[in-house]
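A quick write-up on the structure given underneath.
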Amino acid sequence: MLYIIFYFQVHQPFRISKYKIFDIKDLVVYFDEELNKYIFNKVSERCYLPANNLFKELIEASDGRFKISFSITGTFIEQAKKYRPDVYESFLDLVKTGGVELLNETYYHSLSSIFDLNEFLEQVKEHEELIKREFGFIPTVFRNTELIYFDKLSDILLSLPQIKTILIEGADKILKGESPLYPRISYNHAHLLLLKHYKLSDDIAFRFSDKAWDQYPLTAEKYVSWVKNLTLIEREGKNLYLNLFMDYETFGEHQWKESGIFEFIKRVIELLLKEKDIVFLLPSEVNYTLNYKPKTISVPEPTSWADIERDLSAWLSNSLQWNAMKTCYELLKKAKEKERKDLIPILKKLTTSDHFYYMCIKYFQDGDVHKYFSPYSSPEEVYRYYMNILSDIEEKLEE
Amino acid sequence: MKVLMLTWEYPPFIVGGLGVACHGLFKALAEKGIKIYMILPTQEKVFFEIFSSWEADYPTAKKWDKKHFEPVPLKFYEFHYLEPKGAYLSPQLVSIIKKWEPPKFKTKILYEIPTEVLERLNFLLSQENSLISKVRTYTENVIEISKNLDFNLIHAHDWLTYTAGLFLKKFYRIPLVTHIHATEFDRALGFGHPIIHEIEYLGLNFSDRVIAVSKYTSNIIKEHYKVSGEKIKVVYNAFLPPLEKPQKFKKFREPVILFLGRLTIQKGPGIFLEFAKKIINTYGKKVRFLIAGAGEMERHLMLEAASLGMGTQIMFTGFLTRQEVESALSMSDIVVMPSPSEPFGLVALEAMSFGCALIVSKQSGVSEIIENAYKVDFWDVEKMVNIVIDLLENPDKLKESQKKAQEEVQKFRWSDRAEEVIGIYRELVFNKACFI
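Residue numbers (the numbering used here), protein chains in the order written: chain H, 1 to 399; chain A, 400 to 835.
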């Protein structure tokens, strides 16, 4: 049997405002309301609303045989409630169909698992609370920011006993030639790990409308034939798990409506539903369908789904990123010690990984991706604004 | 007396000190009755009349439109030219050179420009290089615009305008003053672009007088360009007091030390960073460092500063508007200007006027005239650190130093400098010092 697990990331950061050094002590507007609102509205129209409608239709039309999972960040929900209550409602409706599983992650989509473990656990708990409160759902599956995973993360998550499964990147360097279709057990035997099939995921997420790609145009039939071919690797009857993980914005935002992405995904799902050896599954259901004991896997160094390197370099490869992040966590710690309830939520919003992503100066292909996603003109510019904001908060902490 | 001023910068279009110095000087000259026509590298063919102090602050462009002039505010113009395509010899300049005939006067020009020099200049400008082809367009435009103007003398500021000045001198047979605000040796810290060196060489040697902004610069051009000492006059820059009296304000609890200038090797921001590192490592108390300005070294400096992991202790401002420059000075206690080669260094005077204690490199023109500043060799980071720690440890000494600097700067007035410049004009125009 081949099981297909869809997981979509739903996130929006609070982008910082163009905060000049001269604004220190005079201005307390740290986040660019207008920009955040504009982007949220744009993505709502292009992606969230049409994609939610499509997946809702597919779930309902399949009598619950089609299923998907989402990880929705706290910052996204805050923005949705503030800027687009209709989008928020639309997610509630989608979850009500029963064909949706919600995952647990850090509320602020941060790299706290690297910098501050206490803060990490705090943000994970905040997120769990949020999902319970908003959707009445208790998550049992965890995914860390940008699929960052390393052995120690599994140890840390032991303090959250409800977490049984973790989603990770099926990076070549950890699989060493083996297939991502078989789930793994964490090195400490505590968690089941589901590995992203990056080839088939990125065919949709990154390459779908790339005219330079030798497989362009990608038809639903072609894609489904690739999926069906996967079953050929297994000869002992072991169940296979195809993990298709991607940003939700793939639908309509990264791949525009005009590229035919919506028609494509609809057709793919309809075709797959006709196959009797292929079944859609939620991440938490993997545990119950396994007909063998998975191998263990050790991941000593952090891996992620970002860039070609699939490591932390998208957020932590230069000293600007490092100094900014380090300073932010230091101030957050100080704010907690001083119980500054006014500053803690602001600093937490500043832990969001996107801020550091914009400060990335790796070049070549990935540099382009970073530039595409960044609303600022250069990594230096965003670093300046970010540090100016931290300086202002630092001054306030002294009060 | 009517003077044709050729310059590449003028407020609000300022890259470095050139525009600021021109503004101060032109304003003072206009106040003393000199009538100025100024030509800038504007996209449209316009010139600017500066006949009064007010017009120096707000110059209006005048456009040649057959019969009437139409005043248009300067800011409405696209400042720099579009990039011309390819390398070519300017046909306009070629025809000027060809048409030129030796005049039948008895008087001879002392520093006569041979036709070969103009041919050479035209050849130099034919290169396919973005900046140099802009200079070619400027030269062509200046020649065309000048046909409608009546003036007694040409005053060209820095190499970008020297070619235009030399062509006009040959064409109209009137005196040319070349003003040197910075040499290519300063900008490149050693040998720079060969074409720029050659244009500087020709401009300085074939003009009738050279104004250098300091003895330091005068020595450089004497040594490297073999300019005859007799025709060089040193006229220091001065200080134009802002309309409002500078106000200090505090953004940070701790003392603030400022670097202000383009982030290029000439200004020594790397030395400042070295100095900041030493203070952080040796001085127990917190000090805030501001690196203000933009330039090609920005990324390099930021990465290095951030790698110290000192959080927000070393901050970068990026490009600053004029108003922001004043804010940066207002919030600073000490300014360090560690330029390895600084023809003048207007920042120093501005820092003094904002009541900042000042450390300047000895390799700067400004250090020749100011008394209330600490003068240090640009490479002597150790000494800079000791001075600053001493000032920080003795607040009274710091206050005294700031007060004295603020007092002293008042005496560097543009009106005195304008007198010196007018003296040079008189010599050339009335005493005909440029003729034999």
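Glycine included, C-beta positions come from ideal geometry on N, C-alpha and C.
Measuring alpha carbon to alpha carbon, tell me which of the options ends up nearest residue i.
i, options, result
"residue 112 (chain H)", "H:89, H:86 and H:145", "H:145"
"residue 410 (chain H)", "H:325, H:239, H:272 and H:318", "This structure gives no information on residue 410 (chain H), because the portion of chain H shown stretches from 1 to 399."
"residue 104 (chain H)", "H:121, H:249 and H:345", "H:121"
"residue 652 (chain A)", "H:59, H:374, H:230 and H:396", "H:396"
"residue 274 (chain H)", "H:86, H:303, H:78 and H:228", "H:228"
"residue 562 (chain A)", "A:521, A:530, A:580 and A:590", "A:521"
"residue 805 (chain A)", "A:762, A:638 and A:671", "A:638"
"residue 81 (chain H)", "H:97, H:115 and H:44", "H:44"
"residue 280 (chain H)", "H:64, H:211 and H:60", "H:64"
"residue 796 (chain A)", "A:826, A:755, A:718 and A:433", "A:755"
"residue 110 (chain H)", "H:382, H:350, H:398 and H:360", "H:350"
"residue 90 (chain H)", "H:66, H:54, H:61 and H:20", "H:54"
"residue 405 (chain H)", "H:399, H:289 and H:372", "In this structure chain H extends from 1 to 399, so residue 405 (chain H) is not present and cannot be described."
"residue 442 (chain A)", "A:506, A:462 and A:490", "A:462"
"residue 811 (chain A)", "A:635, A:542, A:491 and A:446", "A:635"
Rounded to whole angstroms, how far is the Cβ of residue i from the Cβ of residue j, which I believe are closer than 8 angstroms?
i, j, result
"residue 241 (chain H)", "residue 181 (chain H)", "6 angstroms"
"residue 37 (chain H)", "residue 108 (chain H)", "Wrong, their Cβ atoms sit about 19 angstroms apart, outside the cutoff."
"residue 305 (chain H)", "residue 356 (chain H)", "About 16 angstroms separates the two Cβ atoms, so there is no contact after all."
"residue 667 (chain A)", "residue 746 (chain A)", "Going by Cβ atoms, the distance from residue 667 (chain A) to residue 746 (chain A) rounds to 12 angstroms, so no, they are not a contact pair."
"residue 245 (chain H)", "residue 201 (chain H)", "5 angstroms"
"residue 672 (chain A)", "residue 598 (chain A)", "Contact flag wrong, Cβ pair sits at about 33 angstroms."
What are the boundary residues of the alpha helix (DSSP H) that residue i is part of?
i, result
"residue 685 (chain A)", "Neither: residue 685 (chain A) is in no alpha helix (DSSP H) and is coded neither H nor E."
"residue 423 (chain A)", "416-430"
"residue 699 (chain A)", "697-706"
"residue 76 (chain H)", "74-83"
"residue 596 (chain A)", "593-604"
"residue 783 (chain A)", "780-792"
"residue 241 (chain H)", "Note, residue 241 (chain H): premise wrong, no alpha helix (DSSP H); beta strand (DSSP E) at 240-247."
"residue 535 (chain A)", "529-545"
"residue 133 (chain H)", "117-135"
Within this structure, are the beta carbons of residue i and residue j separated by less than 8 angstroms?
i, j, result
"residue 547 (chain A)", "residue 573 (chain A)", "no"
"residue 728 (chain A)", "residue 750 (chain A)", "yes"
"residue 71 (chain H)", "residue 10 (chain H)", "yes"
"residue 429 (chain A)", "residue 413 (chain A)", "no"
"residue 261 (chain H)", "residue 252 (chain H)", "yes"
"residue 30 (chain H)", "residue 389 (chain H)", "yes"
"residue 670 (chain A)", "residue 737 (chain A)", "yes"
"residue 295 (chain H)", "residue 185 (chain H)", "yes"
"residue 87 (chain H)", "residue 94 (chain H)", "no"
"residue 791 (chain A)", "residue 555 (chain A)", "no"
Taking the straight line between their C-alpha atoms, what separation do you get for residue i and residue j?
i, j, result
"residue 512 (chain A)", "residue 569 (chain A)", "7 angstroms"
"residue 345 (chain A)", "residue 665 (chain A)", "The shown model of chain A, from 400 to 835, leaves out residue 345 (chain A), and the question about it has no answer."
"residue 809 (chain A)", "residue 453 (chain A)", "21 angstroms"
"residue 127 (chain H)", "residue 74 (chain H)", "6 angstroms"
"residue 365 (chain H)", "residue 308 (chain H)", "No answer about residue 365 (chain H) holds up, because its pLDDT of 47 lies below 50 and its placement is not dependable."
"residue 858 (chain A)", "residue 608 (chain A)", "Residue 858 (chain A) is absent from the structure shown; chain A starts at 400 and stops at 835."
"residue 384 (chain H)", "residue 715 (chain A)", "6 angstroms"
"residue 190 (chain H)", "residue 167 (chain H)", "14 angstroms"
"residue 689 (chain A)", "residue 24 (chain H)", "13 angstroms"
"residue 818 (chain A)", "residue 493 (chain A)", "38 angstroms"
"residue 610 (chain A)", "residue 632 (chain A)", "5 angstroms"
"residue 758 (chain A)", "residue 833 (chain A)", "41 angstroms"
"residue 532 (chain A)", "residue 320 (chain H)", "38 angstroms"
"residue 159 (chain H)", "residue 713 (chain A)", "39 angstroms"
"residue 828 (chain A)", "residue 400 (chain A)", "9 angstroms"
"residue 46 (chain H)", "residue 257 (chain H)", "7 angstroms"
"residue 163 (chain H)", "residue 703 (chain A)", "42 angstroms"
"residue 514 (chain A)", "residue 496 (chain A)", "7 angstroms"
"residue 501 (chain A)", "residue 508 (chain A)", "12 angstroms"
"residue 432 (chain A)", "residue 711 (chain A)", "51 angstroms"
By the DSSP assignment, the beta strand (DSSP E) with residue i in it spans what residues?
i, result
"residue 405 (chain A)", "401-405"
"residue 633 (chain A)", "631-633"
"residue 754 (chain A)", "No beta strand (DSSP E) holds residue 754 (chain A); DSSP gives it neither H nor E."
"residue 168 (chain H)", "165-169"
"residue 447 (chain A)", "445-449"
"residue 452 (chain A)", "Per DSSP, residue 452 (chain A) belongs to no beta strand (DSSP E); it is in the alpha helix (DSSP H), 452-456."
"residue 611 (chain A)", "608-611"
"residue 519 (chain A)", "It is not in any beta strand (DSSP E) - residue 519 (chain A) instead sits in the alpha helix (DSSP H) that spans 514-524."
Please find out if some non-hydrogen atom of the ligand GDP comes closer than 7 angstroms to the beta-carbon of residue i.
i, result
"residue 5 (chain H)", "Absence of the ligand GDP from the depicted structure is noted, as is the absence of any ligand whatsoever, leaving it without description."
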